[in-house]
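Remarks on the structure that follows.
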Amino acid sequence: MQNSTVCSMCKEDQTIITDLLTGEIVCSKCGLVISDKIQDTRQEWRDFVNSEEAKDRRRTGMPTSLARHDMGLYTMIGRGRKDARGQVLDASMRSTMGRLRTWDLRTQASANRNLRTAFNQLNILKDKLGLPDAIIEKTAYIYRKAHERGLVRGRQTAAALAAALYLACRQEGTPRTLKEICLISNLKRKAISREYRDMVIELDIRIPTVDPTKCIARIANQINLNQKIKQKAINIMNAATKSELSAGKSPMGLAASILYLSCLINGGSISQTVFAQTAGVTEVTIRNICRNLRNHLDLS
DNA sequence: TAAGATAAGAGGGACAT
DNA sequence: ATGTCAGTCTTATCTTA
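At position 116 of the first sequence the residue is numbered 137 (my numbering), and the sequence of numbers has no breaks.
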């Protein structure tokens with residue numbers, strides 16, 4: 022999806038790439054991230070009516086979404102005194118319907134209470150993190166699965182939800198750290214990671230490893246590094262991966278360290294602190310990784 | 001003021017018991 | 001299941017340029 026907008030850095034009318042997967046709007050000329058909090062504003066393209074109206078592709082109703090406790094579809098037993106053919110119901114049928122209505126509401130309330138609160142919280146998280154709908158849907162899907170398996174019962178709903186969100190991000194290859202999710206959801210890392218582990222095991226989910234080049238892109242965009250530095254960083258990253266220097270390192274720490282080195286090589290003077298804070302690791306980690314890289318790679 | 005060094009401690013994976 | 005071990009990362013503090 023592309024828009025034409027004026028980039029604040031180039032000051033020119035440039036083509037802007039909107040990446041709905043990572044939730045970023047990126048200038049195609051200079052790589053500046055204009056905003057990392059976008060909404061998916063694409064139209065609904067589905068047809069619901071096979072007629073002239075269908076050509077007018079306006080939204081035709083509330084979209085169904087997994088991120089609603091009832092998936093946006095629900096039925097209520099009405100209070101009317103007539104049946105579908107307009108015949109007046111007799112007394113016994115009316116009382117039957119009354120009891121059905123009561124139980125319907127009750128079961129909906131108890132079975133869905135957890136999902137309802139969870140998805141309310143999910144919507145709050147969505148706004149805070151500015152994540153695309155695809156991730157939110159995935160989170161809701163994972164949460165439902167976990168809920169079915171009884172992984173949520175007796176645990177913190179919020180922690181389970183945060184774990185599902187983290188899982189969804191990992192699966193979509195959108196680099197969000199556990200730390201960020203802790204911060205935004207106000208939960209202990211331990212609680213989230215325990216849920217996360219249980220979900221991975223119980224639901225048998227395969228997690229792709231974090232793509233370190235995506236981490237590079239994310240950090241580089243956040244501190245507005247130019248294309249040259251980014252390219253050099255990716256080269257170093259490839260070399261590091263090849264000589265297995267990246268094994269066991271935190272991808273964000275590695276990416277930040279490599280960007281720092283790349284910045285130095287290109288004559289930049291951005292402090293380790295900036296990289297550390299952006300990546301969510303400490304300066305010490307950056308230093309250690311840098312030392313290791315400098316010892317084993319020819320950096321020039 | 002940024003960068004480097006060092007030490008103590010936390011958390012998690014691999015492995016053996 | 002529980003304990004140990006090596007390795008990573010964090011926090012905190014001090015020194016150096």
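Note that CB positions come from ideal geometry on N, CA and C, so glycine has one too.
In this text, all values refer to a predicted model and were calculated from it rather than measured experimentally.
Backbone CA spacing between Ala322 and Cys190 [nearest angstrom]: The chain is shown from 22 up to 321; residue 322 falls before or after that span and cannot be answered.
Would you list the residues sitting across from Val109 in a DSSP beta bridge? Lys103
When the Cα of Asn313 is compared with those of Ala300, Ile279 and Phe296, which residue comes out closest? Ile279
Identify which residue in Met220, Ala276, Thr262 and Ala181 has its Cα closest to the Cα of Ile202. Ala181
Neighbour-count burial assignment, Ala300, 16 or more Cβ in a 10 Å radius: buried
With DSSP collapsed to three states, give me the class of Arg115. helix
Among the residues of its own chain, which have a CB less than 6 Å from the CB of Lys166, if the five just before and after it don't count? Leu224
Rounded to a whole number of angstroms, what is the C-alpha to C-alpha distance between Arg100 and Leu87? 28 Å
Thinking C-beta only, is Ile237 closer than 8 Å to Ala276? yes
Host alpha helix (DSSP H) of Ala167 (start-end): Asp154 to Glu169
Please classify Asp319: does DSSP put it in a helix, a strand, or coil? coil
Please confirm whether any heavy atom of the ligand MG lies closer than 7 Å to the CB of Gly175. As for the ligand MG, it is missing from this structure, which has no ligand bound.
DSSP three-state assignment for Ile279, whether helix, strand or coil: helix
Below 8 Å, how does it come out for the segment 212 to 226 and the segment 239 to 253: are there three or more Cβ pairs, yes or no? no
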